[in-house]
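Q: Here's a structure for you.
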Amino acid sequence: MARIALVTGGMGGIGTAICQKLADAGHTVVTTYSRPGKEVQWLADQKEKGYTFHAYQCDVADYESCQALAARISAEVGPVDVLVNNAGITKDTTFRKMSKVDWDVVMRTDLDSIFNVTKPFIDGMTDRSFGRVINISSINGQKGQFGQTNYSAAKAGMHGFTKALAQEVAKKGVTVNTVSPGYIATEMVMAVKEEIRHAIISGIPVNRLGLPEEVADLVVYLAGDKSGFITGSNIAINGGQHMF
Ligand code: CAA
Numbered sequence: 001m002a003r004i005a006l007v008t009g010g011m012g013g014i015g016t017a018i019c020q021k022l023a024d025a026g027h028t029v030v031t032t033y034s035r036p037g038k039e040v041q042w043l044a045d046q047k048e049k050g051y052t053f054h055a056y057q058c059d060v061a062d063y064e065s066c067q068a069l070a071a072r073i074s075a076e077v078g079p080v081d082v083l084v085n086n087a088g089i090t091k092d093t094t095f096r097k098m099s100k101v102d103w104d105v106v107m108r109t110d111l112d113s114i115f116n117v118t119k120p121f122i123d124g125m126t127d128r129s130f131g132r133v134i135n136i137s138s139i140n141g142q143k144g145q146f147g148q149t150n151y152s153a154a155k156a157g158m159h160g161f162t163k164a165l166a167q168e169v170a171k172k173g174v175t176v177n178t179v180s181p182g183y184i185a186t187e188m189v190m191a192v193k194e195e196i197r198h199a200i201i202s203g204i205p206v207n208r209l210g211l212p213e214e215v216a217d218l219v220v221y222l223a224g225d226k227s228g229f230i231t232g233s234n235i236a237i238n239g240g241q242h243m244f
């Protein structure tokens with residue numbers, strides 16, 4: 001069934017693929033961007049590829065900004081049944097060198113955001129007896145990563161949120177799941193120094209980076225009507241780099 005889906009941070013590598021695949025599945029897709037600038041070009045590029053998306057500016061780290069977003073979507077697009085908490089950032093540095101600012105900005109953007117964005121949409125989902133919340137975490141939330149104490153903590157916290165909320169809303173037809181991608185061919189991964197990146201890829205049994213589209217296909221399945229018995233799960237998509 002076609003629904004309204006909100007994908008935060010939909011203009012990044014994984015986000016763009018998720019928006020496109022949700023649209024391919026027939027959903028109306030709304031996305032967010034943090035700073036004005038690249039949305040005009042992104043929307044134009046998508047239009048050229050045949051996609052029409054709704055895009056709103058929103059700081060997912062800011063509660064009021066998310067409430068304002070929800071009010072606008074409700075008035076201008078309609079009720080959101082599928083929420084993909086995808087927006088996230090890295091500030092990689094060893095703990096010894098990590099500033100309080102590096103810690104705070106990652107916790108606020110990657111972890112507080114899932115409270116801020118889920119909060120204004122969850123009641124609508126339970127009232128309508130259908131909802132899908134899909135939190136995009138990371139392999140590094142499970143295994144930890146040198147240089148990512150902030151990001152690993154935030155991404156691990158995200159799955160605790162998933163498991164708790166999943167229990168609270170299960171009876172109302174709402175599922176809450178975590179998807180934990182490994183290293184995917186995106187700008188975020190390409191920003192890792194080449195030699196470190198190569199060393200990481202050599203540790204992936206499938207022997208390559210993942211594709212954003214591979215993550216997006218999984219998200220589309222979780223967003224659909226057939227996935228109702230999957231909730232509170234953490235689904236790894238990492239080429240075998242970390243098995244648990
Ligand atoms: N394991 C063990 N030791 C390591 C190491 C590792 N993975 N990486 C670096 N070191 C060692 C170095 O060999 C060096 O040792 P010596 O001092 O004895 O020579 C020391 O640590 C370097 O320490 P520095 O504090 O100087 O670190 P740096 O500034 O050179 O690099 C870093 C720090 C930038 C964080 C770097 O370690 C790094 O890029 N790590 C990878 C981070 C990463 O994987 N990010 C993923 C981004 S993509 C993403 O996050 C998406 C997703 O969900 C997967």
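Position 65 of the sequence shown, counted from 1, bears residue number 65 in full-length UniProt numbering, the numbering being contiguous throughout.
All residues carry an ideal CB built from backbone N, CA and C; glycine is no exception.
Computed from a predicted model, the values in this text were never measured in an experiment.
1) For PRO205, count neighbouring Cβ atoms within 10 angstroms of its own Cβ and tell me buried if that reaches 16, exposed if not.
2) Would DSSP call ALA2 helix, strand or coil?
3) Using 6 Å as the cut-off, classify the Cβ of ILE196 as near or not near the heavy atoms of ligand 1, replying yes or no.
4) Suppose you measure from the CA of LYS100 to the CA of GLY13; what does that come to, to the nearest Å?
5) May I have the straight-line CA-CA distance separating ARG96 from ALA23, to the nearest angstrom?
6) Hey, would you say the C-beta of MET1 is under 6 Å away from at least one heavy atom of ligand 1?
7) According to DSSP, simplified to helix, strand and coil, what is TYR151?
8) If we count Cβ pairs, one from each stretch, closer than 8 Å, do we get three or more for the segment 81-93 versus the segment 104-120?
9) Measure the Cβ-Cβ separation of SER129 and LYS172 and say whether it is below 7 Å.
10) Just to confirm before moving on: does the CB-CB distance between GLN148 and ASN135 stay below 7 Å?
11) With respect to 6 Å, is the separation between the Cβ of THR94 and the closest non-hydrogen atom of ligand 1 below this value?
12) Quick one: grab the DSSP three-state call for ASN207.
13) On the three-pair Cβ rule with 8 Å, is the segment 190-197 touching the segment 153-166?
14) From which residue to which residue does the beta strand (DSSP E) around HIS54 run?
15) Note down the Cα distance separating THR175 from GLY224, rounded to an integer number of angstroms.
16) Can you tell me where the beta strand (DSSP E) with LEU83 in it begins and where it stops?
17) Does the distance from the C-beta atom of SER180 to that of SER152 stay below 7 Å?
18) Would you say the segment 31-38 touches the segment 229-244, given that touching needs at least three Cβ pairs under 8 Å?
A: On the basis of the data shown:
1) In the sequence shown, the residue the question calls residue 205 occupies position 205. So PRO205 ends up on the exposed side.
2) Sequence index remark: in the sequence shown, residue 2 carries index 2 (1-based). In the structure shown, ALA2 sits in coil (DSSP, three-state: anything other than H, G, I, E or B).
3) As a first step, residue 196 is located in the sequence shown; it is residue number 196 there, counting from the start. At a threshold of 6 Å, ILE196 counts as near ligand 1, since its beta carbon sits closer than that to one of the ligand's heavy atoms.
4) Mapped onto the sequence shown, residue 100 falls at position 100. Mapped onto the sequence shown, residue 13 falls at position 13. Their backbone Cα atoms lie some 27 Å apart in a straight line.
5) Residue 96 sits at position 96 when you count from the first residue of the sequence shown. Residue 23 sits at position 23 when you count from the first residue of the sequence shown. Their backbone Cα atoms lie some 44 Å apart in a straight line.
6) Position 1 of the sequence shown, counting from 1, holds the residue named residue 1. Every heavy atom of ligand 1 is 6 Å or more from the Cβ of MET1, so no.
7) Residue 151 sits at position 151 when you count from the first residue of the sequence shown. DSSP, reduced to helix, strand and coil, places TYR151 within a helical segment of the structure shown.
8) The segment 81-93 and the segment 104-120 touch, with no fewer than 3 CB-CB distances between them shorter than 8 Å.
9) For the purposes of this step, residue 129 is identified with residue 129 of the sequence shown, where counting begins at 1. For the purposes of this step, residue 172 is identified with residue 172 of the sequence shown, where counting begins at 1. Taking the C-beta atoms as reference points, LYS172 is found nearer than 7 Å to SER129.
10) By 1-based counting over the sequence shown, the position of residue 148 is 148. By 1-based counting over the sequence shown, the position of residue 135 is 135. No, the pair does not count as a contact, with Cβ atoms beyond the cut-off.
11) On the sequence shown, position 94 is the one that residue 94 refers to. Answer for THR94: yes, Cβ within range of ligand 1.
12) Numbered from 1 along the sequence shown, position 207 holds the residue referred to as residue 207. Under the three-state reduction of DSSP, ASN207 is assigned to coil, being neither helix nor strand.
13) Output reads no: the segment 153-166 does not touch the segment 190-197.
14) Looking up residue 54 in the sequence shown gives position 54. 54-57 is the span of the beta strand (DSSP E), which, as asked, contains HIS54.
15) The residue you call residue 175 lines up with position 175 of the sequence shown. The residue you call residue 224 lines up with position 224 of the sequence shown. Taking C-alpha positions only, THR175 is separated from GLY224 by approximately 11 Å.
16) Position 83 of the sequence shown holds residue 83. DSSP places LEU83 in the uninterrupted beta strand (DSSP E) bounded by 82-85.
17) In the sequence shown, counting from the first residue as 1, residue 180 sits at position 180. In the sequence shown, counting from the first residue as 1, residue 152 sits at position 152. Taking C-beta atoms as the reference points, SER180 and SER152 fail to come closer than 7 Å.
18) Judged by Cβ distances under 8 Å, the segment 31-38 makes no contact with the segment 229-244, as fewer than three pairs qualify.
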